[in-house]
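Only one structure is covered here, and it is reproduced in the block below.
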Amino acid sequence: MADKLTLAVSNRAKSGTIKKLPASIDITTSTTIEELQQKLAKASGVRDYNRIGIFDPVTRKIIRDRRAVLGAQENVVASKAVMVQDLGAQVGWRTVYLIEYAGPLLFHALLFYLRPIIPLPQALSRGQTASRSDPITDIQRLVYILFQLHFVKRELETAFLHRFAANTMPARNIVRNSAFYWLLAGFACAWSLYAPLSPFRVSSQFPAASPPRSGFGSSPLDYVGIALYVFGQISNFSVHWHLAHLRSPGGTEKKIPNAFGSSLVTSPNYMFEILTWLGVILISRDIVVVIFISVGMLYMRMWSRDKERALRRLFPDKYKKKKYTMLPGLI
Numbered sequence: 040m041a042d043k044l045t046l047a048v049s050n051r052a053k054s055g056t057i058k059k060l061p062a063s064i065d066i067t068t069s070t071t072i073e074e075l076q077q078k079l080a081k082a083s084g085v086r087d088y089n090r091i092g093i094f095d096p097v098t099r100k101i102i103r104d105r106r107a108v109l110g111a112q113e114n115v116v117a118s119k120a121v122m123v124q125d126l127g128a129q130v131g132w133r134t135v136y137l138i139e140y141a142g143p144l145l146f147h148a149l150l151f152y153l154r155p156i157i158p159l160p161q162a163l164s165r166g167q168t169a170s171r172s173d174p175i176t177d178i179q180r181l182v183y184i185l186f187q188l189h190f191v192k193r194e195l196e197t198a199f200l201h202r203f204a205a206n207t208m209p210a211r212n213i214v215r216n217s218a219f220y221w222l223l224a225g226f227a228c229a230w231s232l233y234a235p236l237s238p239f240r241v242s243s244q245f246p247a248a249s250p251p252r253s254g255f256g257s258s259p260l261d262y263v264g265i266a267l268y269v270f271g272q273i274s275n276f277s278v279h280w281h282l283a284h285l286r287s288p289g290g291t292e293k294k295i296p297n298a299f300g301s302s303l304v305t306s307p308n309y310m311f312e313i314l315t316w317l318g319v320i321l322i323s324r325d326i327v328v329v330i331f332i333s334v335g336m337l338y339m340r341m342w343s344r345d346k347e348r349a350l351r352r353l354f355p356d357k358y359k360k361k362k363y364t365m366l367p368g369l370i
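Take 40 as the starting number for the sequence shown in the numbering used here and just add one per residue.
Below you can see the structure in the form of structure tokens.
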């Protein structure tokens, strides 16, 4: 049976102050973070309870898991207190990801199909000329399909597979989070890939006059690239499927992952993501795609290291520590 508990409630900082915040609130040890948010929102006259962030009174860090039980929060129970802050206008995590991944789909479709009427630049290649009326090559068409398939997969996983520990994030983060995908993966990659003289239209960027690539298969790297892409996509999906089904339906509890590749690195989904894009790079030979995935790897390295630290903290006795979080022998 859950014990009754009265918590002192205070604003965490001057910014994000909740004006009508009650001095205390009655709950039980089985009350979840989300239920506490709802109670405080009702008492404070806040319309969207997702705006109310619940913070540990000792560490002053936000408690993100909305299904976390307050009775399991040692500092909250010991102090009989919580700190709160108005996080501002919120938007659902799922919505944010759907918006992020829509950018590349949109830009690649626009610049691919409207190429004859959009002044795409002619890629820098010595001694060669081309016009926007030149037809799309087989390689360009293939890379377009690979990009679109990848981001359609992401959209479908976001809509139907992924589960999120938190309901929302600040609405202001949409622009920041979307910029990477819309501008780099979307606009910049599409602008470079579908130009009349994109680097991968020719066999080499360096000779003064390189003959056009005859199509897919003119280089062994094309076959290696498509194999890496297919393997990476399927393996990445298998990891996402495993992670989604680690939790009970509607649950947010943490468990130790044991997906394909988990014996090698902390985050095998990132490992397979990188293999996917390595495949695209081998086929496209495009520097902007290299820049895109290089920047993405910086984020993935940070996230995978955060995950390793979290697993070590949550399961100090059960979790087998890993030296590499993303790429075996490297990162």
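Even for Gly, the Cβ is constructed at its ideal location relative to N, Cα and C. As the structure is a prediction and not an experimental result, all values here were calculated from the model.
Residue of the options minimising C-alpha distance to residue i
{"i": "TYR233", "options": "VAL214, TYR88, SER323 and ASN297", "result": "SER323"}
{"i": "MET339", "options": "LYS362, SER306 and GLY368", "result": "SER306"}
{"i": "ARG371", "options": "SER118, PRO367, ILE138 and ASP87", "result": "Because the chain spans 40 through 370 in this model, residue 371 falls outside it and cannot be assessed."}
{"i": "CYS228", "options": "ILE156, VAL319, GLU196 and PHE203", "result": "VAL319"}
{"i": "HIS201", "options": "ASN308, GLY127 and LEU222", "result": "ASN308"}
{"i": "PRO209", "options": "ALA128, GLN272 and GLN179", "result": "ALA128"}
{"i": "ASP42", "options": "VAL116, ASN297 and THR134", "result": "VAL116"}
{"i": "GLN272", "options": "PHE299, SER118, HIS147 and THR134", "result": "PHE299"}
{"i": "TYR262", "options": "VAL278, SER302, PHE276 and LEU181", "result": "LEU181"}
{"i": "TYR88", "options": "ASP95, GLN76, LEU260 and LEU153", "result": "GLN76"}
{"i": "ARG179", "options": "SER231, ILE313 and ILE102", "result": "Sequence inspection shows Gln at residue 179; the Arg mentioned does not correspond to that position. Comparing Cα-Cα distances from GLN179 to each of SER231, ILE313 and ILE102, the minimum goes to SER231."}
Buried versus exposed call for residue i [16 or more other C-beta atoms within 10 Å across all chains shown]
{"i": "ASP125", "result": "buried"}
{"i": "GLU292", "result": "exposed"}
{"i": "TYR220", "result": "buried"}
{"i": "PHE199", "result": "exposed"}
{"i": "ILE295", "result": "exposed"}
{"i": "PHE226", "result": "buried"}
{"i": "PRO96", "result": "buried"}
{"i": "ALA224", "result": "buried"}
{"i": "GLY264", "result": "buried"}
{"i": "ASP356", "result": "exposed"}
Assigned secondary structure, residue i (DSSP; H/G/I helix, E/B strand, else coil)
{"i": "GLN77", "result": "helix"}
{"i": "ILE370", "result": "coil"}
{"i": "ILE320", "result": "helix"}
{"i": "GLN179", "result": "helix"}
{"i": "SER287", "result": "coil"}
{"i": "ASN114", "result": "helix"}
{"i": "VAL48", "result": "strand"}
{"i": "ALA120", "result": "strand"}
{"i": "LYS192", "result": "helix"}
{"i": "PHE245", "result": "Because the pLDDT at PHE245 is just 36, under 50, the model does not fix this residue reliably, and the point stays unresolved."}
{"i": "VAL278", "result": "helix"}
{"i": "THR134", "result": "helix"}
{"i": "TYR233", "result": "coil"}
{"i": "ILE295", "result": "coil"}
{"i": "GLY271", "result": "helix"}
{"i": "ILE91", "result": "strand"}
Cβ distance (whole Å) where residue i is taken to contact residue j below 8 Å
{"i": "LEU60", "j": "VAL123", "result": "7 Å"}
{"i": "ILE91", "j": "ILE57", "result": "7 Å"}
The ligand NAP heavy atom lying under 8 Å from the CB of residue i
{"i": "ARG105", "result": "The ligand NAP is not part of the structure shown, which contains no ligands of any sort."}
For the 8 Å Cβ check, are there 3 or more pairs between the region 55-74 and the region 97-114?
-> yes
Flag this pair as touching only if the region 182-189 and the region 132-152 have three or more C-beta atom pairs under 8 Å; answer yes or no.
-> Yes, the region 182-189 touches the region 132-152.
Does the count of Cβ pairs from the region 342-349 and the region 358-368 closer than 8 Å reach three?
-> yes
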